[in-house]
Amino acid sequence: MKAVKKITLGATFLLMTAFGMANEMDLRIISDKESKTLLFNYDNSTTDAELRFVDSEGNVIFTESLEDNAEYSKKFNLSTLKSGIYFLEVEDAIKETAFTITIEDSNVAIKGKSEKNKPVFRTKNEMVYLNLLNLDKEVVAITVYDGEERTVANELFENETVIEKAFNFTKAHKGHYTIKVKKGSESYFESITID
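Residue numbers (mature numbering (1 follows the signal peptide of the UniProt record, and there is no 0)): -22 to -1, 1 to 173.
What follows is the structure, encoded as structure tokens:
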């Protein structure tokens, strides 16, 4: 039991270190009379990421993979887009960030920025370690399913800022297992196969 606590504490330290090395993002509007342009800068120092430009109906207008340990800069010419609400989304292993952008005739404005922390899973042998930074203290439900989609374990966390959990599959029956983490309206999944 002490070993599991030590490992969980170590994983928490790593998670907090990862947040300390948070990726730097900068989104600016470049104004000139002929075009509506956004300039996006991203210093990706921790992990691979995915960049998407999406309209209000969920249609992806642009997507690109961003490699880790690389600086990224992109100019978006929005002059051909119709008036409306758009989203510039960046998703990496630990966080989803979305900028809300409005286009009205010749004006472009950044209306807001939202961030969602994602659970971090680490698998070692037949152990799965979960860490989740839950700053909004939302209710988090964790459920483990077997290959037949039967519930093997579940736990509810309320009013907790940091959620740490270790799943020990060393005595589990052979097969496929899925860990589901439900935080608010979002669900995240991790799978493990026991041979």
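Note that CB positions come from ideal geometry on N, CA and C, so glycine has one too.
What you are looking at is a predicted structure, and each value in this text was computed from that prediction instead of being measured.
Quick test of your reading: residue i and residue j, contact by CB under 8 Å. State the CB separation rounded to the nearest angstrom.
i: TYR155; j: ILE141; result: Rounded, the Cβ-Cβ distance is 19 Å, inconsistent with contact.
i: LYS115; j: SER57; result: So it is not a contact: roughly 43 Å between Cβ atoms.
i: GLU35; j: SER61; result: Not really, about 14 Å apart at Cβ, beyond 8 Å.
i: residue 181; j: LYS143; result: Residue 181 is absent from the structure shown; the chain starts at -22 and stops at 173.
Following the continuous beta strand (DSSP E) through residue i, name the residue where it begins and the one where it ends.
i: GLU69; result: 62 to 70
i: LYS160; result: 153 to 161
i: ALA150; result: Counting along the chain, ALA150 falls outside any beta strand (DSSP E), and DSSP gives it neither H nor E.
i: LEU134; result: 129 to 135
i: SER169; result: 164 to 172
i: ASN37; result: Element bounds for ASN37: n/a, residue is neither H nor E.
i: SER51; result: 48 to 55
i: ASP33; result: 27 to 33
Work out the CA separation of residue j and residue i for me, nearest whole Å.
i: VAL130; j: LEU59; result: 49 Å
i: ASN112; j: GLU133; result: 15 Å
i: GLY162; j: VAL118; result: 7 Å
i: GLU28; j: ALA150; result: 35 Å
i: residue 174; j: ASP33; result: Only positions -22 to 173 of the chain appear in the structure, and residue 174 is not among them; the question remains open.
i: MET(-2); j: GLY125; result: With a pLDDT of 42 at MET(-2), under the threshold of 50, the modelled position of this residue cannot be trusted; read the value that follows with caution. Approximately 37 Å between the Cα atoms of the pair.
i: GLY153; j: TYR64; result: 43 Å
i: LEU17; j: THR80; result: 15 Å
i: ILE72; j: LYS91; result: 17 Å
i: VAL106; j: SER43; result: 27 Å
i: THR78; j: LYS89; result: 5 Å
i: VAL122; j: ARG100; result: 15 Å
i: GLU168; j: THR148; result: 17 Å
i: VAL86; j: LYS96; result: 30 Å
With C-beta atoms as the reference, is residue i less than 8 Å away from residue j?
i: ASP26; j: ASP70; result: yes
i: LYS94; j: GLU74; result: yes
Q. What runs of the alpha helix (DSSP H), each 4 residues or longer, lie entirely inside the segment 90 to 117?
A. The qualifying runs do not exist here; there are none.
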